[in-house]
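Residue numbers for the sequence shown follow the UniProt record's numbering, so the first one is 1 and each next one is one higher. Quick reminder that beta carbons are idealized off the backbone N, C-alpha and C, glycines included. Computed from a predicted model, the values in this text were never measured in an experiment. Quick notes on the structure that follows.
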Amino acid sequence: MSLWVDKYRPNSLSKLDFHKKQAHQLKNIIQQGDFPHLLMFGPPGSGKKTRVICLLRELYGAGAERLRMENTSFTTPSNKKVELMIVSSNYHLEVNPSDVGIYDRVVIQDLLKTVAQTHQLDASGQREFKVVVLTSADRLSKDAQHALRRTMEKYMATCRLILIANSASRVIAPIRSRCLGIRVPAPTAEEIATIVTERLLNAHARERLLNAHAKERLLNAHAKERLLNAHARERLLNAHAKERLLNAHAKERLLNAHAKERLLNAHARERLLNAHARAVGKKEGISVPPELANRLAEMSNRNLRLALLSLQAARVQQ
């Protein structure tokens, strides 16, 4: 879950909620093309960092927002290694040298020298410099500030500095004179109330709308899935019904074949009985007409023994 101060932070000068006249002046500075070193100072929470982000977006476009973070190692004159977290894009980097304490001068010198020598030109050809943002500039040691003064003059062609400070009075005069000072006062109570009640509420309403759209898309996807499942189930049921019908036809054909076979067997047995009856009659010297033989077969229910006994009884009666 992101913090609201980051989630709802404006990313362009035209979207700033207060000090809009100052934002317009910053935009004019960018459009004039001769971008100077900047010293942006004001109390904590006044929007200094937000304005720097908007400036970078105006200078370089959306590419300035694709950030990466890495720990960079610096070597002091006594061969001690110090590490510092640097946030950077292809067009700028942001660092707080005061985090390394008394070694901030080493960081200032090495970092600016490296940036100036390996600077990357803007892909559109509009910016021939890279921006280095130094936060908490008023907490730098005096040695670091003097080193910064010398370095910012040397690499002016390929590097621009934006210094962020709570108090400009703690930045040495030679640096202040080489920067365009921009004071960012704290917003008024009314401006804060407006931001809280309007921007956040509008953002929440927009977020709810997006969530509603996402929910609708999810429901549509579920409905589509259910429809596809219903079609698949219907095809499966049709396949099962077709299979049962084919099985019923096959079973019927099998039963018909069995019935036909039994009928043929009955006819064959009946013919066999008739043949036996005529053969016995011939041996006994009597003539057995086919009609009589068929009658004996029917009366005996195709029982050969019974048919012969019936034939013998008929002869005795004669």
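On the premise that residue j lies in contact with residue i, defined as a C-beta separation below 8 Å, what is that separation, rounded to the nearest angstrom?
i: L134; j: I164; result: 7 Å
i: V115; j: V132; result: 6 Å
i: T151; j: I108; result: 7 Å
i: H37; j: L209; result: Not quite, the Cβ-Cβ distance comes to about 43 Å (not below 8 Å), so this is no contact.
i: S89; j: L111; result: Not a contact, Cβ separation roughly 15 Å.
i: R160; j: F129; result: 5 Å
i: V106; j: T76; result: 5 Å
i: V171; j: A137; result: 6 Å
i: L296; j: S310; result: 5 Å
i: N303; j: N274; result: Not really, about 13 Å apart at Cβ, beyond 8 Å.
Does DSSP put residue i in a helix, in a strand, or in coil?
i: D122; result: Here D122 scores only 49 on pLDDT, less than 50, and its place in the model is too uncertain to base an answer on.
i: G205; result: Per the sequence presented here, residue 205 reads as Ala, with Gly not at that position. In the structure shown, A205 sits in a helix (DSSP, three-state: H, G or I).
i: K81; result: strand
i: G63; result: helix
i: M156; result: coil
i: D6; result: helix
i: R57; result: helix
i: S88; result: strand
i: L140; result: coil
i: residue 320; result: Missing from the structure shown is residue 320; the chain here goes from 1 to 318 and no further.
i: T197; result: helix
i: N220; result: helix
i: E284; result: coil
i: E243; result: helix
i: V100; result: helix
i: E128; result: coil
i: R269; result: helix
i: T72; result: strand
i: V133; result: strand
i: R178; result: coil
i: V95; result: strand
i: L38; result: strand
Would residue i be called buried (16 or more neighbouring beta carbons within 10 Å of its own) or exposed?
i: R217; result: exposed
i: D34; result: exposed
i: L264; result: exposed
i: D104; result: buried
i: Q145; result: buried
i: S12; result: exposed
i: E252; result: exposed
i: N79; result: exposed
i: I53; result: buried
i: M40; result: buried
i: R226; result: exposed
i: A259; result: exposed
i: H231; result: exposed
i: H267; result: exposed
i: A223; result: exposed
i: E191; result: exposed
i: L256; result: A quick correction: the sequence has Asn, not Leu, at residue 256. With fewer than 16 other Cβ atoms within 10 Å, it is exposed.
i: H92; result: buried
i: P97; result: buried
i: E94; result: buried
i: S177; result: exposed
i: L246; result: exposed
i: A250; result: exposed
i: G47; result: buried
i: R127; result: buried
Comparing the C-beta of residue i with each C-beta of chain C, is any distance below 8 Å?
i: Q22; result: The chain inventory of the structure shown lacks chain C, comprising one protein chain alone.
Checklist entry - Is the stretch 56 to 67 in contact with the stretch 182 to 199, if contact means three or more CB pairs nearer than 8 Å? => result no
Next on the checklist: Tell me whether the stretch 18 to 34 and the stretch 179 to 194 touch, counting them as touching only if at least three CB pairs, one residue from each stretch, are closer than 8 Å.
Outcome noted: yes
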